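The next block holds one structure in the form of structure tokens; read it before the comments.
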Amino acid sequence: MCAVRDLDRTRSGRAGVAVPGRGERAGRDLSSTEQTSRGEEEHERGRFDGVKDRLREFRARIEERPTVRRTYRVAIGVLGTLVLAAGIVAIPYPGPGWAIVFVGLAILASEFAWAKRVLHFAKGKYDAWTDWLGRQSLVVKLLVLGATALIVVATLWLLNAFWLVAGWVGLQEWTWLQSPILG
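See below:
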């Protein structure tokens, strides 16, 4: 699609002379591809406007009744806390741990102002951490990877995962695999 859009911009303005960027200038006609693209964006925006309107109506109905509002806030609080806790547990493991944390905070932020502030703060710190780590040498990156692996191994040991697997493969005599907490 980008190639088509770029091709339209280099098409001739008059008598076969190519004029690059013709469709980008203010006050000029848009190419048919750009008109289609804008039409699709407006269609998408229109579809989301309908969803937003339905959500506003839903929230207005909730706001009308104090008991329903309180119940809704408690349900959002419980759901958001559960998702947030699952995300925190999943952070050191491979997969979307931080994404789950941000989803949990976003659920809470839909009802609680403090959660919106925490979400904004956490996103900033996460971005700062990833930027910092990206600028570090390979040695520092490997140290962080090793520390993460150590945390994963320690939590698996504390959750008795190694002892469970040892039982499956016949290594019950290796008692050091047993968790001191759940063993």
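Residues in the sequence shown are numbered from -14 upward in steps of one, following the numbering used here. Idealized CB from N, CA, C, for every residue including glycine. Nothing here was measured: the structure is a model prediction, and the numbers come from that model.
- In this structure, the alpha-carbon of R54 lies about 18 Å from that of A91.
- Boundaries of the alpha helix (DSSP H) around Y57: 51 to 75.
- In summary, W142 is buried, with 16 or more beta-carbon neighbours lying within 10 Å of its beta-carbon over all protein chains present.
- Distance from the Cα of L162 is smallest, within the candidate group G65, A146, L123, for A146.
- Residue environment analysis places A132 among the exposed positions, since fewer than 16 neighbouring C-beta atoms fall within 10 angstroms of its C-beta.
- Restricting attention to L69, V68, E158, V74, the CA atom closest to the CA of A139 is found in V74.
- Counted as a single uninterrupted DSSP element, the alpha helix (DSSP H) harbouring W148 occupies residues 146 to 154.
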